[in-house]
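Numbering (our numbering), first residue to last: 141 to 198.
Cβ atoms here follow ideal geometry from the backbone N, Cα and C, with glycine treated the same way.
A short worksheet on the structure shown next.
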């Protein structure tokens, strides 16, 4: 079984050089979807989704 690498919002924000609030907005708009991993609403991003997003952005 392949385990999916999940990244924290802060990690992704640093990778993409954007504010975490931008990531939350992109999630609401469907531009870059997050996975909710807790009842608090903590967001995580799949590493492969980030790679795909970067590929499609160029």
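- For residue 149 against residue 160, the beta-carbon gap comes to about 5 Å, under 8 Å, which counts as contact.
- For residue 186, the uninterrupted beta strand (DSSP E) run begins and ends at 183-186, by DSSP.
- Within its own chain, the residues whose Cβ lies closer than 6 Å to the Cβ of residue 193, once the five positions on either side in sequence are excluded, are 172, listed in chain order.
- By DSSP's assignment, residue 175 forms a beta bridge with 184.
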